[in-house]
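Novice: The structure that follows is given in the form of structure tokens.
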Amino acid sequence: MNRQILAVATLLLFSSTQLACAQDPKVFVIKTNEVKAKVSPSMWGLFFEDINLGADGGLYAELVLNRSFELDLPMMGWKEQKDEAAAGHYLMLNRGTTNQANRRYISLTSTKGRYGLSNVGFRGMGIKKGMQYNFSLLARQPKGGSASLVIEMIGEKGAVIGSGSIKPEGEEWKKYKLSFTAAATVEKARLDVLLKDAGTLDLDMISLFPQDTWKNRENGLRSDMVKLLADMNPGFLRFPGGCIVEGRTLDERFQWKKTIGPIENRQMLINRWNTEFKHRPTPDYFQSFGLGFYEYFQLCEDIGAAPLPILNAGMACQFNTAEVVPLELLGPYIQDALDLIEFANGPANSEWGKKRAEMGHPEPFNMTMIGIGNENWGVQYLERLALFTKAIKEKYPEIRIVNSSGTDPVGERFDLLDKHLRSAKADIIDEHYYQNPKWFLENAARYDNYDRKGPKIFAGEYAAQSVKTASPENKNNWLCAMAEAAFMTGLERNADVVEMASYAPLFAHAEGWQWTPDLIWVDNLRSYGTANYHVQKLFSTNRGTDVVPVLAGDKAVSGQQELYASATIDRETNELILKVVNSSPKKQHGTFELEGLSKINGKGTLTVLSSDDLDLVNSFERPDAIAPVISQVAIRNKTIDLPMNPYSVNVMRVRL
102 MNRQILAVAT LLLFSSTQLA CAQDPKVFVI KTNEVKAKVS PSMWGLFFED INLGADGGLY
162 AELVLNRSFE LDLPMMGWKE QKDEAAAGHY LMLNRGTTNQ ANRRYISLTS TKGRYGLSNV
222 GFRGMGIKKG MQYNFSLLAR QPKGGSASLV IEMIGEKGAV IGSGSIKPEG EEWKKYKLSF
282 TAAATVEKAR LDVLLKDAGT LDLDMISLFP QDTWKNRENG LRSDMVKLLA DMNPGFLRFP
342 GGCIVEGRTL DERFQWKKTI GPIENRQMLI NRWNTEFKHR PTPDYFQSFG LGFYEYFQLC
402 EDIGAAPLPI LNAGMACQFN TAEVVPLELL GPYIQDALDL IEFANGPANS EWGKKRAEMG
462 HPEPFNMTMI GIGNENWGVQ YLERLALFTK AIKEKYPEIR IVNSSGTDPV GERFDLLDKH
522 LRSAKADIID EHYYQNPKWF LENAARYDNY DRKGPKIFAG EYAAQSVKTA SPENKNNWLC
582 AMAEAAFMTG LERNADVVEM ASYAPLFAHA EGWQWTPDLI WVDNLRSYGT ANYHVQKLFS
642 TNRGTDVVPV LAGDKAVSGQ QELYASATID RETNELILKV VNSSPKKQHG TFELEGLSKI
702 NGKGTLTVLS SDDLDLVNSF ERPDAIAPVI SQVAIRNKTI DLPMNPYSVN VMRVRL
């Protein structure tokens, strides 16, 4: 009860007199023939970072943890497994510099009976009854050997729910595959890889994937998670981060060239979220790069999102080591950016375009943007950014560069970068906001007075924090989602300045998260969108093409009487799209008069998100506790009469 009272208190921004009359009808004007801005096709998009087991253990559908024994502790995720009367041993071997990307493999020897290994997966392996699972590994047989393997999927109670066998042949490494159909649904299964009887085998790259990956791709992505993204109709995808781009040290930075090509040649790297938070240590959190830059570009193409890759600016995370590469040694970092553009856009006979073509995509990905640095700040960033910008613009003048404005939307760091980037006529400035709900409500008019001729703004990371930034107690409650919606009406109203926007972070595993709140939550079998997800989806699927004014008197509706509004025309469907947020604890009624129309169709749809409980959240048990409700509405005499529930987000589409 106290938490609910506190939440309500954050919304009481106006006097008691204003609240007393909050149920009175409000009259607004929508000037349908007065276009104020064009809405970018990339306006509402997605930001992916490999945090909260977002890639390995999440979006990347591999079920085996540490499949190539490359974690700092080579047996992490693995343990010996044997029948009661069996005996044997294993030996971990390191190839060293002969194969730097995949140094280790394991040699198994059974001296008696079934002996081998079991893998626990990422907090267990989620297995679905009736689903086909595809197992593979690299193996070789010592000269004269005749050992064979049995592969078993084991349920939580010890029952075998899927199995098969493999008999490797020859002394050279070869890839072997088998498939089986699961006999039961299990949230936390394990995988056993056992020698059937006495013998020795060398093994590497032990892998298990569900058949139902997105588009049924080998080495693919988890289909339910991708579908949640595709359903949002996103305009862009920013990847792969985030702080992992920077790394805790420069040695641990994200290097895109190590994430392409055959998966067995992609060099595993510790994830910087591995030890970042003492309250959520994750010692098994590494990046296998099975989800690499090629797969990111492919995902963008699949869901119709413009690709926005972010590269290291020669700076490690300034909250960790703050390492920087000397300016005179920045050349390889800049070359990585130039080569990435060629990888994405170059012809199939160019050096890096050829590598893309060899992976199965001879056509270019048509990348138009690239980000240099993530949340970097200070003179050190500006010096390095200038060198990147000069080199990229000289070779690829058509590529637009996204520039960091630091970690916060105000303060000394922000002011320095904003002033410099504006004077340098930067293409796009990336602003981030992790603030409380009250801040989002109070800043709905943030961009009303921004310079219309200055750089475009990318609202690259935002999420209302129910407790405080980075608190493990933050929740994806309705108060936060509604406050974000109010702020987003201001982003849309200023689409001539704000070109892109994305919530962050995107994914979180229920048993492997480090940061809250998050847009989509998953476990080994299920996934659901939060209230914040539904807000983002409402805006993204109701984008429109042209911004038109919504006025109270002669002012934009940006908090007066706790209402927030924006409107667009969709020229493709010939519809007016009106978005109104009622952040008041009382029902309100709005009358919206449509100016500039000679006639109107008279029919439309109204989609509403609302809850009287500001602390309400969606969950695995109640994934639709907060979900859109759609109804049909009639429009009369070029007037929209809109009753608005307390604490509600309302989206109306009216055919013109």
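If you read the sequence shown in the working numbering, its first letter stands for residue 102, the second for the next number, and so on.
Where is the CB? At the ideal position from N, CA and C, for every residue including glycine.
How big is the Cα-Cα spacing for L743 and N595?
Specialist: The straight-line gap from Cα to Cα measures roughly 23 Å.
Novice: Cutting at 6 Å between CB atoms, please list the residues of its own chain near V730, excluding the five before and the five after it.
Specialist: V709
Novice: Starting from Q846, trace the alpha helix (DSSP H) in both directions and tell me its first and last residue.
Specialist: Since the first and last residues shown for the chain are 102 and 757, residue 846 lies out of range.
Novice: From T133 to G697, what distance separates their C-alpha atoms?
Specialist: Rounded to the nearest angstrom, the two C-alpha atoms are 5 Å apart.
Novice: Taking 8 Å as the cut-off, decide whether the C-beta atoms of E270 and Q242 are in contact.
Specialist: Against a cut-off of 8 Å, the Cβ pair of Q242 and E270 comes out as a contact.
Novice: Does the separation of the CB atoms of H610 and N203 fall below 8 Å?
Specialist: no
Novice: Can you tell me the Cβ-Cβ gap for S219 and D293, rounded? I've got them flagged as a contact below 8 Å.
Specialist: Yes, they are in contact, since the Cβ atoms of S219 and D293 sit about 5 Å apart, within 8 Å.
Novice: Tell me, to the nearest whole angstrom, how far the beta carbon of S628 is from that of L329; I am working on the premise that it is less than 8 Å.
Specialist: 6 Å
Novice: Determine whether the beta carbon atoms of F394 and W357 lie at a separation below 8 Å.
Specialist: yes
Novice: When DSSP labels each residue in this structure, what does I727 get in the three-state scheme?
Specialist: I727: coil per DSSP, three-state reduction.
Novice: Exposed or buried, which one is Q201 when buried takes at least 16 other CB atoms within 10 Å?
Specialist: By the C-beta density criterion, Q201 is exposed, having fewer than 16 other C-beta atoms within 10 angstroms.
Novice: Need the endpoints of the beta strand (DSSP E) that K180 sits in, please.
Specialist: 179 to 183
Novice: Is DSSP giving D305 helix, strand or coil here?
Specialist: strand
Novice: Would a C-beta distance cut-off of 8 Å place N360 and W374 closer than the cut-off?
Specialist: A quick correction: the sequence has Thr, not Asn, at residue 360. Result no, Cβ atoms of T360 and W374 do not sit closer than 8 Å.
Novice: What residues in its chain sit with their C-beta under 6 Å from that of K739, if we drop five residues either side in the sequence?
Specialist: L695, L698, I701
Novice: Please return the same chain residues whose Cβ sits closer than 6 Å to the Cβ of G336, not counting the five positions on each side in sequence.
Specialist: P142, S143, M144, W145, G146
Novice: Going by beta carbon distance, what residues of the same chain come within less than 8 Å of V682, once the five residues before and after it are set aside?
Specialist: M583, A586, A587, T590, L664, Y665, A666, S749, V750, N751
Novice: What span of residues does the alpha helix (DSSP H) with K456 cover, start to end?
Specialist: 452 to 459
Novice: With DSSP run on the structure shown, which of helix, strand or coil describes Q124?
Specialist: With a pLDDT of 43 at Q124, under the threshold of 50, the predicted position of this residue should be treated as unreliable, though the coordinate-derived value follows. Here Q124 carries a coil assignment [DSSP, helix/strand/coil].
Novice: Determine the DSSP secondary structure at L400, reduced to helix, strand or coil.
Specialist: Helix.
Novice: L757 to E676, Cα distance in whole Å?
Specialist: CA-CA distance, L757 to E676, rounds to 5 Å.
Novice: From the DSSP output, read off the bridge partner residues of K744.
Specialist: Lys is not the amino acid found at residue 744; the sequence shown has Pro there. Per DSSP, H690.
Novice: By how many angstroms is the C-alpha of N167 removed from the C-alpha of Q124?
Specialist: Note on Q124: pLDDT 43, under 50, position unreliable in the model; no value is reported.
Novice: Taking one C-beta from the segment 490 to 509 and one from the segment 362 to 378 each time, how about it: are there three or more such pairs within less than 8 Å?
Specialist: Of all C-beta pairs linking the segment 490 to 509 to the segment 362 to 378, fewer than three are shorter than 8 Å, placing the two stretches out of contact.
Novice: Determine the direct distance from the alpha carbon of N467 to that of L400, and round the result to whole angstroms.
Specialist: Using only the alpha carbons, I get a separation of about 13 Å.
Novice: Does the distance from the C-beta atom of V568 to that of E574 stay below 8 Å?
Specialist: yes
Novice: Which term fits G321, buried or exposed, when burial requires 16 or more other beta carbons within 10 angstroms of its beta carbon?
Specialist: buried
Novice: Look at the alpha carbon of A602 and the alpha carbon of A283, and state the distance between them as a whole number of angstroms.
Specialist: 41 Å
Novice: Figure out for me which residue from A299, C344, V130 has the closest Cα to the Cα of Y216.
Specialist: A299
Novice: Tell me which same chain residues have a C-beta within less than 6 Å of the C-beta of Y534, skipping the five on either side of it?
Specialist: So the qualifying residues of the chain are P510, Y563.
Novice: Bridge partners of W374, per DSSP?
Specialist: DSSP lists no partner for W374.
Novice: How would you label A407, buried or exposed, when you count the other beta carbons within 10 angstroms and need 16 or more for buried?
Specialist: buried
Novice: For N696, does the three-state DSSP call read helix, strand or coil?
Specialist: Per the sequence presented here, residue 696 reads as Glu, with Asn not at that position. Note: E696 maps to strand in three-state DSSP.
Novice: Give me, in chain order, the residues of the same chain whose beta-carbon lies closer than 6 Å to that of G189; leave out the 5 immediate sequence neighbours on both sides.
Specialist: T210, S211, T212, Y216
Novice: Compute the Euclidean distance between the alpha carbons of E253 and K297, then round it to the nearest angstrom.
Specialist: 12 Å
Novice: Terminal residues of the continuous alpha helix (DSSP H) containing N446?
Specialist: 432 to 446
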